[in-house]
Amino acid sequence: MGALNQTRVTEFVFLGLTDSWVLEILFFIPFTVTYVLTLLGNIIIVVTIVFSPRLHTPMYFFLSNLSFIDICHSSVTVPKMLEGLLLERKTISFDNCITQLFFLHLFACAEIFLLTIMAYDRYVAICIPLHYPTVMNMKVCVQLVFALWVGGTIHSLVQTFLTIRLPYCGPNTIDSYFCDVPPVIKLACTDTYLTGILIVSNSGTISLACFLALVTSYTVILFSLRKQSAEGRRKALSTCSSHFMVVALFFGPCIFIYTRPDTSFSIDKVVSVFYTVVTPLLNPLIYTLRNEEVKNAMKHLRQRRICS
7 MGALNQTRVT EFVFLGLTDS WVLEILFFIP FTVTYVLTLL GNIIIVVTIV FSPRLHTPMY
67 FFLSNLSFID ICHSSVTVPK MLEGLLLERK TISFDNCITQ LFFLHLFACA EIFLLTIMAY
127 DRYVAICIPL HYPTVMNMKV CVQLVFALWV GGTIHSLVQT FLTIRLPYCG PNTIDSYFCD
187 VPPVIKLACT DTYLTGILIV SNSGTISLAC FLALVTSYTV ILFSLRKQSA EGRRKALSTC
247 SSHFMVVALF FGPCIFIYTR PDTSFSIDKV VSVFYTVVTP LLNPLIYTLR NEEVKNAMKH
307 LRQRRICS
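Quick note on the numbering used here: the sequence shown kicks off at 7 and runs consecutively.
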């Protein structure tokens, strides 16, 4: 509590994506379009799955949750970034910064756990299909989703506590466009080496461990496909390749940023833009363009709406 009482900084100033105001204005339109498409694409997936009885299966239940998380994840950072692109001085209050940091890690960690669960779901469906209805029944699926939110909340609370316990007495300039643990703790008026190690141990270990679990799961799946029929291999590879593309696009930036204690590179902002702005849009594109069941369900819903 003593460290909290020493906090003097009441707001932080973002340096933004670039020091060129002209470039920031040019970035505003494509990033706005990307954010709108992200919201629309993920909302369409959620609505399609909810109102299509054929998609009421564990895989699509998890996919609808992934879309919901992507909506929340992008909404934590992108609106503030878009506002900053139009302002010469980009500020955020200390309380709002900590709030943004908390929800950023909550949704990011929830997505990491969910992608791991989705890989396990595919493993059970492909490798032990006869046990799939028992192992992955709806009760188990709901429990797994509840567990991932609990895990994400605990992770986010740890990250937030490690951040706010430090004293902030100046400077208050964050070399980014949103509040995250690594750039914020650099502004603390104390040695943050140990805190940085703890943060990497938490975020980095979760990202790396889940990624290795995912790679192991998909490797086992690929070996098991040798026993499948040609049609079964084609369908399984189509589904798993979509999952693995999402995994690579999300985990790559996370591992790059959160496994380095007290180290930053000039490319960090580009990587951050990719996983906060671009990846949430790519998820609905990957899962709809490569999934015939989802596309057929969308067509069916559209036809029902036209007929009614």
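The beta-carbon is built from N, C-alpha and C at its ideal position, and this holds for glycine as well.
Exercise. In the structure shown, what three-state DSSP assignment does Thr196 receive?
Worked result: coil
Exercise. If you follow the alpha helix (DSSP H) that Phe113 is part of, which residue opens it and which one closes it?
Worked result: 100-133
Exercise. How big is the Cα-Cα spacing for Ser73 and Tyr199?
Worked result: 36 angstroms
Problem set entry | alpha helix (DSSP H) runs contained entirely in the segment 142-188, provided each spans 4 or more residues | For the alpha helix (DSSP H) assignment, the uninterrupted runs of no fewer than 4 residues enclosed by the segment 142-188 are, from N- to C-terminal side, 144-170.
Exercise. Hey, is the segment 41-53 in contact with the segment 275-289, meaning 3+ C-beta pairs nearer than 8 angstroms?
Worked result: yes
Exercise. From the DSSP output, which residues share a beta bridge with Glu17?
Worked result: Ser99
For this session: Grab me the residues of Ala9's own chain with a C-beta within less than 7 angstroms of its C-beta, minus the 5 sequence neighbours each way, in chain order.
Result: Because Ala9 carries a pLDDT of 44, less than 50, the predicted location of this residue cannot be relied on, and no value is offered for it.
For this session: Tell whether a beta-carbon distance below 9 angstroms holds between Ile212 and Cys103.
Result: Contact flag unset, no.
Exercise. Taking the alpha helix (DSSP H) that Tyr293 falls in, what are its first and last residues?
Worked result: 285-295
Exercise. What does a CB cutoff of less than 6 angstroms around Ser58 pick up in its chain, not counting 5 residues either side in sequence?
Worked result: Take Ser58, set aside five residues on each side of it, and the residues of its chain with a beta-carbon closer than 6 angstroms to its own are Ala303, in chain order.
Exercise. Which value, in whole angstroms, describes the spacing of the CA atoms of Ile191 and Thr169?
Worked result: 6 angstroms
For this session: Reducing DSSP to helix, strand and coil, say where Leu93 ends up.
Result: coil
For this session: Output the boundary residues of the alpha helix (DSSP H) element that contains Lys275.
Result: First-last of the alpha helix (DSSP H) with Lys275: 274-279.
Exercise. Taking the alpha helix (DSSP H) that Leu43 falls in, what are its first and last residues?
Worked result: 27-56
For this session: Determine the DSSP secondary structure at Thr211, reduced to helix, strand or coil.
Result: helix
Problem set entry | Rounded C-alpha distance that separates Val53 from Val151 | C-alpha separation (whole angstroms): 18 angstroms.
Problem set entry | Exposure of Arg128, with buried meaning 16 or more beta-carbon neighbours within 10 Å | buried
For this session: Work out the CA separation of Leu136 and Ser80 for me, nearest whole Å.
Result: Each residue's Cα considered, the two are about 38 angstroms apart.
Exercise. Just checking my contact of Gly90 with Tyr183 at CB under 8 angstroms: how many whole Å lie between their CB atoms?
Worked result: Rounded, the Cβ-Cβ distance is 6 angstroms, consistent with contact.
Exercise. Quick one: what's got a C-beta closer than 7 angstroms to Arg296's C-beta in the same chain, skipping five residues either side?
Worked result: Cβ neighbours of Arg296 beyond the five flanking positions: Ser244, Ser248.
Exercise. So what's Ala9 in DSSP terms, helix, strand or just coil?
Worked result: At Ala9, the pLDDT of 44 sits below 50, so the modelled position is not reliable and the matter cannot be decided from this model.
For this session: Would you decide whether Ser26 is buried or exposed? Buried here means 16 or more other CB atoms lie within 10 Å of its CB.
Result: exposed
Problem set entry | DSSP-derived helix/strand/coil call for Thr63 | coil
For this session: Confirm, please, whether the CB-CB distance from Tyr66 to Glu298 is below 9 angstroms.
Result: no
Exercise. Is the beta carbon of Leu1 sitting closer than 9 angstroms to the one on Cys216?
Worked result: With the chain covering 7 to 314 only, the question about residue 1 has no answer from this structure.
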